[in-house]
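Protein chains: 2
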Amino acid sequence: MPPAATGPRDSSKSLASFSPPLRADDIVNRRRKVPKTQWGVAAPASSSTFKIASNLGSKPQSKRWDHLLSPEALSRHPSSVKSAAKYLSQPGLISLGGGLPSSNYFPFSQLTISVPPKGGPFADPSPTPHTTVTAGKNDQANGTSLADIATLFQYGQGTGSAQLLRWITEHTELVHDPPYADWGCTTTIGATSSLDMALRMFTQRGDMILGEEWTFASAVETAAPMGVRIVPIPMDAQGLLPVELDRVLAGWDERARGARKPRVLYTVPTGQNPTGATQLPTRRREVYRVCQKHDVYIFEDDPYYYLQMDGYVPGMAATEEAKPSHESFLASLIPSFLRIDTDGRVLRMDSFSKVLTPGARIGWVTASAQIIERYKLHADVSTQGASGISQLVLFKLLEDHWGHGGFVDWLIYLRKEYEGRRRTMMAACEALLPREVVSWTVPDAGMFLWLKIDHTKHPGAGEKSIAELEEEVFLGTIRHGALVMRGSLFQADRDSPLGALFFRTTFAAASEENIREAIRRFGEAIREVFGLEVGEAAGKQGILAVEV
Amino acid sequence: MPPAATGPRDSSKSLASFSPPLRADDIVNRRRKVPKTQWGVAAPASSSTFKIASNLGSKPQSKRWDHLLSPEALSRHPSSVKSAAKYLSQPGLISLGGGLPSSNYFPFSQLTISVPPKGGPFADPSPTPHTTVTAGKNDQANGTSLADIATLFQYGQGTGSAQLLRWITEHTELVHDPPYADWGCTTTIGATSSLDMALRMFTQRGDMILGEEWTFASAVETAAPMGVRIVPIPMDAQGLLPVELDRVLAGWDERARGARKPRVLYTVPTGQNPTGATQLPTRRREVYRVCQKHDVYIFEDDPYYYLQMDGYVPGMAATEEAKPSHESFLASLIPSFLRIDTDGRVLRMDSFSKVLTPGARIGWVTASAQIIERYKLHADVSTQGASGISQLVLFKLLEDHWGHGGFVDWLIYLRKEYEGRRRTMMAACEALLPREVVSWTVPDAGMFLWLKIDHTKHPGAGEKSIAELEEEVFLGTIRHGALVMRGSLFQADRDSPLGALFFRTTFAAASEENIREAIRRFGEAIREVFGLEVGEAAGKQGILAVEV
């Protein structure tokens, strides 16, 4: 069972509404009626229209964050041109207002996707043929779907279309049920952009933010040109250490640091990139409490949330358990920061990239209404929201075809697949890496395995820097025909000398065959660089691999 | 004929290559061979690989812009993780590097679009059924297309995919053939985002940039939260006045203005929003020369470029001319700033929004290699480039189905359609508006008609401000059942008092019937507010409209 299943689901439940909690298969029946105009071209949309149980309870309001927002964020105003849209509801009004091209001039009359049937089988290629799902130009007018080409291929709002926003809002309520009243979502063009926008909302040139000491390289590189650096917080096998977080904040010296006290924590709590670390529920609560204590706002970047896996037991083959119910799958997921966020101090970034397709460039963020409004106003004058073509494709799959339950079925399938890939990776590491110098923690989530190499075991340990040893192992591995990522790329603070020797590997993409073979090659390279005997198992595997 | 056709095509031609100029129908035959790996997942791509005639000539290099770039732009470095990609070309290498999900887990095996046949007929709904074009998951491996689901639904580069970038580069060379050697393109997520990114590249908080006195409202609202204001430059019927531009720059007083001398001009040269003004070739050269004189960089925002129309003659019905050849259509387009840009001081923003679909969220920018590199590095850590689903849809239409010539055919069709819509609009204005107070310039391009109302003719002209009169006319028009846009929304400098009474109307979207009726209602409202007699023609039209 995944770690979360060891305790009851998060206690924030007690704060929640009196209405029964959402169930995936019951959401459609519990939807409130909304006027037809909600689904029109560029119709303004808000999660508050679509929340179900959350709207009925008595949750507290979120805190306000004006004191943490940048001048850029504070000075945003609604689009003056879009403000004219309020008159459009007047019956019989003819608009010569908006500069929207007529949908007659979109040279597309139909879009069809072939996708796995609801409930599976999902395997690709599958013996069962895929189902086709079709969107026409005027399905809304014809009454066959809420989304069509005329609407979603047109200009839209920074929030994305109401059609997909409803699905996202409901899904968020189903999975996270935030414990405050005025939460909301907005569709995004992916988490990379969300972080860019969130940083511009909460930081200014010269600021420092808090983050894991080993972190997503792109986050460092997003922040750096803005003049924003990351203060590295030490980690253990569960990731971020709350004691260290508190220590850094409590002892903050503006002068020594050359920056005001950080007001933002950037964290990847589940299957962290690059370490694979997952914060367990207690850890998350402790981190949250430290953030409350120092009034720190949290960016929860959680693309691997759905890639939480059952525990790994060395040597154990794949089990053929019965497929879990939707409810038990969802209950097995570790509560997110959003789920314990009584203050509304979390901006949670979700992504479809790891569970459907990165190419859609669609994700979503969840936060308090104040932050969602700031985000949307920025999107209106920058990204303009996600591609409408992508939105239509996801809507047809998630709403018109699979539904909420069907998406959960897909997530259950993905979990099994990633468990299989992880099993292959772990077995390869156990058999083929020189354990006397390489060690690791089995990841509970995500797609990464973080391998530590004991640099002190190198014959030239005293003379060579860790960076030099990293280079040797990296290039040696390339020579042996495998590519792994240098740990130094993931340093939160790249100006500090490298303190340990790590490599990041992933079991996400290569075939199981190739995972084994690449680990074998990596092991060989390490043995060569460290002057170790070639392991017998490794040698044999090598021959086998060549024979295959 | 459109204005450009009165003179020979731009003289920058003389600077160009010795190879024959591109022709739409010959591009495919003149392509250079590129290695297959160019079309792989997230393969880095550059226009320099795809340029045809430009690569053979002896054009000068562009100038460098380091002295104009912001600290943010200057401090960008290539992604450290992506730098490992260079090893991927080693034969037999197995990568456990990039955290890309396996395409086996994209739940899409096919995507099909229905689109007009190459060469038309294009009318929608058309008596000729649309053609279907299909992308499969592994068409590249199967040798049936360069683009497929496995590749374009995966992560990509900030430039967009090589597949679409090639098409865009070739199209840009065909249409604009920039007169310097190191020009290049990158795919974008649309011009709104391009402007956001360009402003962050060239400006800092407190800066002022130059722009038309009446300008795209969203541009003002993109710049304002960054602390960047627009200096309004007076316009005439051709838009921006170079003499005024020079006057403002030559007399710039940092202290009085509270900002350093502007280093950027933002201009919409064709069918400007909101005025509909189009700068003719001589005007463009004069503006360019002033920018050279003061070392001002130019943002050329040109979404209406392809909506250039033949001249309008009142009372003349639609002519049934023979369809122009691809060459004569392209030769009829006014040379862009990019086409006369010998210094490489233009960042040109193009968009598919007005000619294919806004929902794709795909456009492109063209500039010198230095600027394109800065743009791409920013995209890598923010937008991550355009939706791959959108890219696949456009690639299937533009490359695999229509080809360059087929797209030009579509543009020729669109021109005719917009000419028809403009004819309806102009005839309605001539018949139904009180000419004693309303005047206009017939737009040569775009989708907007900018109507000037002589506020001095209002009975209370001395007592009421122009803003008050604007409000009266606007609300009166709403009461009469039509929506037009207030001119004040388009003031470049919103802090100045409103100096003239304008309304923006569009002929892009409403049916011809509704265009007439809305103009009738607008005319009624003006007559009411200005205390004029109800025109006889107007009365009649009104009855007709009700009968329809």
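So the sequence lines, in the order shown, correspond to chains A and B.
Its first residue numbered 1, the first sequence is counted upward by one per residue in the numbering used here.
Its first residue numbered 1, the second sequence is counted upward by one per residue in the numbering used here.
For every residue, glycine included, the Cβ atom is placed at its ideal position computed from N, Cα and C.
None of the values given here were measured: they were computed from a predicted structure.
Residue span of the alpha helix (DSSP H) that contains residue i, given as start and end
i: residue 127 of chain B; result: Premise fails: residue 127 of chain B is in no alpha helix (DSSP H) and is neither H nor E.
i: residue 297 of chain B; result: Segment 297-301 is the beta strand (DSSP E) holding residue 297 of chain B; no alpha helix (DSSP H) there.
i: residue 421 of chain B; result: 403-432
i: residue 111 of chain A; result: Premise fails: residue 111 of chain A lies in the beta strand (DSSP E), 110-115, not in any alpha helix (DSSP H).
i: residue 383 of chain B; result: Run containing residue 383 of chain B: none; DSSP gives neither H nor E here.
i: residue 71 of chain B; result: 71-74
Close beta carbons around residue i, own chain, < 8 Å, minus the five adjacent residues each side
i: residue 226 of chain B; result: 199, 200, 203, 205
i: residue 515 of chain A; result: 421, 424, 425, 428, 507
i: residue 330 of chain B; result: 24, 174, 175, 408
i: residue 479 of chain B; result: 525
i: residue 452 of chain B; result: 438, 439, 440, 500, 501, 502
Bridge partner(s) assigned by DSSP for residue i
i: residue 240 of chain A; result: A/235
i: residue 211 of chain A; result: A/232, A/266
i: residue 491 of chain B; result: B/214
i: residue 482 of chain A; result: B/94
Residue span of the beta strand (DSSP E) that contains residue i, given as start and end
i: residue 184 of chain B; result: 183-188
i: residue 451 of chain B; result: 448-453
i: residue 348 of chain A; result: 346-351
i: residue 277 of chain A; result: Residue 277 of chain A -> no beta strand (DSSP E), and no H or E assigned at all.
i: residue 134 of chain A; result: 131-136
i: residue 442 of chain B; result: Residue 442 of chain B -> no beta strand (DSSP E), and no H or E assigned at all.
i: residue 363 of chain B; result: 363-368
i: residue 504 of chain A; result: 501-506
Spatial neighbours of residue i in its chain, beta-carbon cut-off 6 Å, leaving aside the 5 residues before and after
i: residue 378 of chain B; result: 197
i: residue 290 of chain A; result: 242, 245, 246
i: residue 166 of chain B; result: 50
i: residue 492 of chain B; result: 211, 213, 215, 230, 232
i: residue 11 of chain B; result: For residue 11 of chain B, the pLDDT reaches just 41, beneath the cut-off of 50, and the residue's location in the model is therefore unreliable, although a value from the coordinates is still provided. Nothing listed; no residue qualifies.
i: residue 279 of chain A; result: 238, 239, 269
Cβ neighbour criterion (16 or more within 10 Å) applied to residue i
i: residue 77 of chain B; result: exposed
i: residue 1 of chain A; result: Confidence in residue 1 of chain A is poor, its pLDDT being 40 and thus under 50, which makes the residue's placement too unreliable to answer from.
i: residue 282 of chain B; result: exposed
i: residue 111 of chain B; result: buried
i: residue 469 of chain B; result: buried
i: residue 236 of chain A; result: exposed
i: residue 273 of chain B; result: buried
i: residue 28 of chain B; result: exposed
i: residue 311 of chain A; result: exposed
i: residue 533 of chain B; result: exposed
i: residue 313 of chain A; result: exposed
Cβ shell of residue i (< 7 Å), same chain only, five flanking positions each side left out
i: residue 309 of chain B; result: 2, 415, 418, 419, 422, 444, 445
i: residue 81 of chain A; result: none
i: residue 461 of chain A; result: 455
i: residue 450 of chain B; result: 274, 275, 276, 440, 502, 504
i: residue 351 of chain A; result: 190, 191, 303, 363
i: residue 14 of chain A; result: Caution is warranted here: a pLDDT of 44 is assigned to residue 14 of chain A, below 50, making its placement in the model unreliable, and the coordinate value is therefore given only provisionally. So the list is empty, once near-sequence residues are dropped.
Minimum C-alpha distance to residue i - residue among the options
i: residue 45 of chain A; options: A/53, A/34, A/52; result: A/34
i: residue 222 of chain B; options: A/182, A/384, A/38; result: A/384
i: residue 252 of chain A; options: A/285, A/216, A/220, A/294; result: A/294
i: residue 171 of chain B; options: B/306, B/254, B/442, B/490; result: B/306
i: residue 504 of chain A; options: A/277, A/350, A/480; result: A/277
i: residue 275 of chain A; options: A/413, A/374, A/483, A/488; result: A/488
i: residue 327 of chain A; options: A/388, A/238, A/405; result: A/405
i: residue 151 of chain B; options: B/140, B/144, B/320; result: B/140
i: residue 220 of chain B; options: B/258, B/239, B/267; result: B/267
i: residue 100 of chain A; options: B/341, B/392, B/358; result: B/358
i: residue 495 of chain A; options: A/517, A/518, A/142, A/467; result: A/467
i: residue 342 of chain B; options: B/324, B/362, B/367; result: B/367
i: residue 380 of chain B; options: B/36, B/32, B/73; result: B/73
i: residue 66 of chain B; options: B/523, B/263, B/168; result: B/263
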